[in-house]
Amino acid sequence: MKELFYISLLVCYCTFAHGQPRLGIADFAVDTANFGIGLYGEYSLGSTVLTNRMYMDFYQGRYLEAEVLDKASKRLVQFNKAGGDIKYGLYFSQNLNKVIKKKGLSYFVNVADRVHWDLLFTDDLFKAVFYGNKMFEGDTAEMGTFEGNFQRYQQFQLGLIKTNENKSAIGMGLSFLKGQQFYQLDITRANLYTSMLGMENNLDLEYRTVESDPDNTDMNDMSGWGASVDAFYQLPYYMLQNTPEHESDWKGYLRIEARDLGLIVWNDRTRVRVKDSVYHNEGILIPTGLALSPTWEEEQRDSLKQLLQPETYTGSLTSILPATFHLRMYQANSSGLFVSMGTVLRTFANYSPMIYLGGGKTFSYKLSIGGTMEFGGYGRFNLGVEAKTRIKGYELVLGSRSLGGILFPETGGGNSAFISITKNF
Amino acid sequence: MHRILRITISLALIITLGPSCRKNDTGPSWDVDVLAPLLRAELSLQNIIADSLISVDPDSALTIAYNGTVYRFNLDTLINIPDESIQQTFISPLASAYLQPGAPIPFFGAQQETKYNLNGVELKRVKIRSGWITLELSNSIQEIVDISYLMPNATKSGAPFSFTESIPAGTQTLQSTITRSYDLSGYAIDMRGVNLNDFNTMVAQFTANISTSATDSIMINQGDKFDMKYTFTDIKTEYAVGYFGSYSISNAYTEPVDLFKNIPIGYLNIDSFSMNMKIENGFGIDAQLRIDTLQAINTTTGGSTAMNHPLIGSAINLTRAVDLASPGYPFTYTEYNISLNNNNSNINALVTTLPDLFRYAFAMDINPFGNNSSGNDFLYHNSDIKISIDLDVPVRFEANGLTMMDTVSFDLGKDPGEPHETTITDGFFYIYVNNGFPFDAKLQIYLYDESFAIMDSLLFTPNNIIKAAPVDLSNKVVANRETRLDIPVDIQKMILFEQASKAIVKVAFTTKPNSQIMTIYEYYQLDLKLVGDFTYRASVN
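Chains as they are written, first to last, in this note's numbering: chain A, 1307 to 1731; chain B, 4 to 544.
Following this line, the structure appears as structure tokens:
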């Protein structure tokens, strides 16, 4: 029990310290054991532009040096992405073989806290925000399109997994979701013109924000509810063809998986703000020459407030979860070598299709080590490492898919870690 | 000024950098280069002098036309009916007598005359605009007494002023007393007495009866008495006729002049100048006015100029107003006009002193030749003797270092000792000036602390000269001229901004070309724009 407590602390520390999802319901399957229980935590954040150093300076509230911004800006393209996930929780699974005499059937219960955020922004937005508008003198900074999403919810999941004798497997999980917090900012148009010598600025702006009940943002609060489905199908797959003369030593599977197909309905205290305006600034006119009236300052404040005040609507609103589709092939041979490759697609998440290639070696029952290369997603190229060990019946997996960002924070743009501790009985 | 900068910089940052970027100490921060217009102003002569004082000639040249009253001698100065209390006591001459209910008390009934001393003023008729009479009535008879008071010569719409009151029973040792006030507004009072040949005299009739509600006869004892004390309060005169006396008034005082209050120093040569001084008499009296001194004083330079004109020190006879209605008045003013110009006075010298004070000294004799009107002087409530001036100044002048100066207060909203919050770290404020006036303007802004100790100067010579617009052979501006003034800012400068509590803005004008009289036209204008080009420390919550 004490071990379990320390493990729980470790998981919570890792997840709260940095935050992010990798595990799917296929990982909840119990094979030959009667029960399985596990704690897991993952966080990941990545960007095609933002470097690890910039993340950390930002997160820790430090001053962002010019060279940090310069290194990030070198990675800019017209449209840039950033995003991340945090997922931590615990699951329990039970083999139903002895309960209802259904061989290979198990069910699982999974409880998790989920956070997702993503951004899509233009190079001009990054430059205007982090360098200022002076570099656009005589030009227009095209800061739209911008999309930003943040949502946090808690998940209670119940599912079944059926593993067949031929090693094929199928599983499905249904989740009830408790919505905690949702924020969305869509800037359709934000063109900032700065005239020569700064004689005038012109901002053509159209944006929409959605904010869930601002008075209920804690984990105990329920600002919305929803449902989602996770499912996978896995079939045995031999990468090298078997022939009567030669049976390949490499065996494995091909898995297709869908996660988080669902939505959350946010309550009727959700606020939507809309603004579509053109702001023209030639400097605030002092109408009376240089003699200011006593109420001038107050008038300017009111005027500024009026200028920026969006139209606000309050009412219920539905958000779609960022769903994940994952195709994975895994092969291992009798000498302990294993390879994996796959692709991940995410919808409604400003996520680029990601492909990965991984490999490693199982040295013994107690230890295996592997690595991955990833292209796409919220970053560009990254390297990962993963280690699995078994100690006193517990299986501990830990690793990161963003070694580049950790080893080279000045230029690398990813940060992630995952850990899981499971025990089968 | 700092508040202005804060607001305008905030506006510029919000528009240029978006709502995510704002000042805060707790979040991450970074430096951004901002280029944005902050303030703008369009200055013309109309910004310095009220539109109502400026007229435009057919050729667009401007003229300042000022008309205003500089002195007023009003009714309160001439006659003043004081708040005065008069007490009358009526004592029973009877040894003792019984009176039936409703019977008159015999020692009342005759008309009483009361004559007032109004310090040489002999009023024959007065109409009250507003005011009160308050009566305090005391009774020692041991029964309720009904009293009636009548002023037959005080009438309103033909009806005399009167009232009836009941005074409770009293004793000789403890009289009963009532106090009542009556509004006299609108009453016309003939103050010539019972025989209509006197002045300052009020006539009243007082009767008293044992109350009809008395149940039995009552004995009047020797020594029984009534006391009547009446007081006129807050009497304002609507109209008065009489002889207002013969006496002299003299006075000397200083009057601030706003026209040049922000232009304390410099050389000003005004091309032409004319002023008409008008003295109007709205009283039905003869008067003689003597202006002894009219002096322009510049307290900044210490300079002063006394007016030279033949009428200074001479008596001016003011004939009486006519008791005939004129537009806006129930009487007709008589006027006396004095023309002042460069030929008959040194009026130009007075103005070019750039005075912030005028000192006057005068004497006025009322009815200097005695009771010429046979007691028919008159006045109305809005009668006065006033001195007004009509000033007509074509805006044509030569200036050399003519300095306008103004003080602007700061309020950063910071507590003393509060640490400096980094905002602007480096850069410039640029003042872009588009000058349409034919004069150079040398601009300087000084920062001062609470005790007016100078802390910093924002502009440095020679980068503080706004160049004059070029003119043609007729000294008319042919094109505007643009100038940029640079105000460097850095962290130290911003700290001084925070510590400063006042700024003094000085602009010294010099017409170009030199030694030429320049005409100012309606379309001359000076456009200012303050542009920020600086590095700003942005941060996020």
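From the three backbone atoms N, C-alpha and C, an ideal C-beta is built for every residue, glycine too.
For clarity, every value in this text was computed on a predicted model and none was experimentally measured.
Asked	Found
For P31 of chain B, the nearest candidate out of A:T1515, A:M1360, A:G1352 and A:Y1349 (CA to CA)	A:M1360
Proximity below 8 Å, CB of H384 of chain B to CB of R132 of chain B	yes
Residue-level contact to chain B via CB, E1443 of chain A, 8 Å cutoff	yes
K26 of chain B versus G1676 of chain A - alpha carbon distance	Its pLDDT being 42, under 50, K26 of chain B is placed unreliably by the model, and the measurement read from it follows with that caveat. Computed Cα separation, rounded: 46 Å.
Under 8 Å between C-beta atoms of P163 of chain B and P155 of chain B	yes
Element boundaries [beta strand (DSSP E), containing D1419 of chain A]	L1411 to T1428
Neighbourhood of K1694 of chain A by C-beta, 6 Å cutoff - its chain only, sequence neighbours within 5 removed	S1674 and V1703
Within-8 Å CB hit, D1363 of chain A to chain B	yes
Beta-carbon proximity list for L1567 of chain A, same chain, < 7 Å, skipping 5 on both sides	S1534, V1535 and A1629
Bridge partners - F361 of chain B, DSSP secondary structure assignment	B:E258 and B:A299
Three-state secondary structure (DSSP) of Q145 of chain B	coil
Beta-carbon contacts of R323 of chain B that lie in its chain and below 6 Å, excluding the five residues immediately before and after	G287, I288 and D289
Residue interval of the alpha helix (DSSP H) (run including I51 of chain B)	L48 to I51
Complete runs of the beta strand (DSSP E) confined to the region 424-508 of chain B [at least 3 residues]	427-438, 442-451, 457-460 and 484-493
Reduced DSSP category for F1436 of chain A - H, G, I as helix; E, B as strand; rest coil	helix
Secondary structure of G1710 of chain A, DSSP reduced to three states	helix
Neighbour flag for E1506 of chain A against chain B, beta carbons, 8 Å	yes
Which of helix, strand or coil DSSP assigns to S179 of chain B	strand
Chain-ordered neighbours of K532 of chain B on chain A, where CB pairs are closer than 8 Å	M1505, E1588 and G1589
Rounded separation between Q1540 of chain A and G1718 of chain A - CA only	34 Å
Close Cβ partners of Q91 of chain B (< 6 Å) along its chain, the five nearest in sequence each way excluded	M231
Interface flag, E1716 of chain A vs chain B, CB-CB below 8 Å	no
Through-space distance from S249 of chain B to P104 of chain B, alpha-carbon basis	55 Å
Among B:K118, B:I181 and B:M205, the one whose alpha carbon lies nearest that of L153 of chain B	B:M205
Beta strand (DSSP E) runs contained entirely in the region 1504-1547 of chain A, provided each spans 3 or more residues	1507-1517 and 1530-1542
Residues bridged to G1665 of chain A (per DSSP)	A:V1645 and A:G1677
Residue span of the alpha helix (DSSP H) that contains K1387 of chain A, given as start and end	Counting along the chain, K1387 of chain A falls outside any alpha helix (DSSP H), though it belongs to the beta strand (DSSP E) covering F1385 to N1401.
Cut-off 7 Å between Cβ atoms - residues of its own chain near K1409 of chain A, not counting five sequence neighbours on either side	N1403
Alpha-carbon spacing of D149 of chain B relative to S143 of chain B, whole angstroms	13 Å
Coil, strand or helix - I268 of chain B by DSSP	strand
Chain-ordered neighbours of L41 of chain B on chain A, where CB pairs are closer than 8 Å	G1589 and I1590
Proximity below 8 Å, CB of N301 of chain B to CB of D359 of chain B	yes
Sequence-distant residues of its chain with Cβ nearer than 6 Å to A255 of chain B (five each side left out)	A364
Straight-line Cα distance separating I1697 of chain A from V1645 of chain A	24 Å
Environment of L1663 of chain A [buried if 16+ CB atoms lie within 10 Å]	exposed
Spatial distance of T72 of chain B from S88 of chain B (CA atoms)	38 Å
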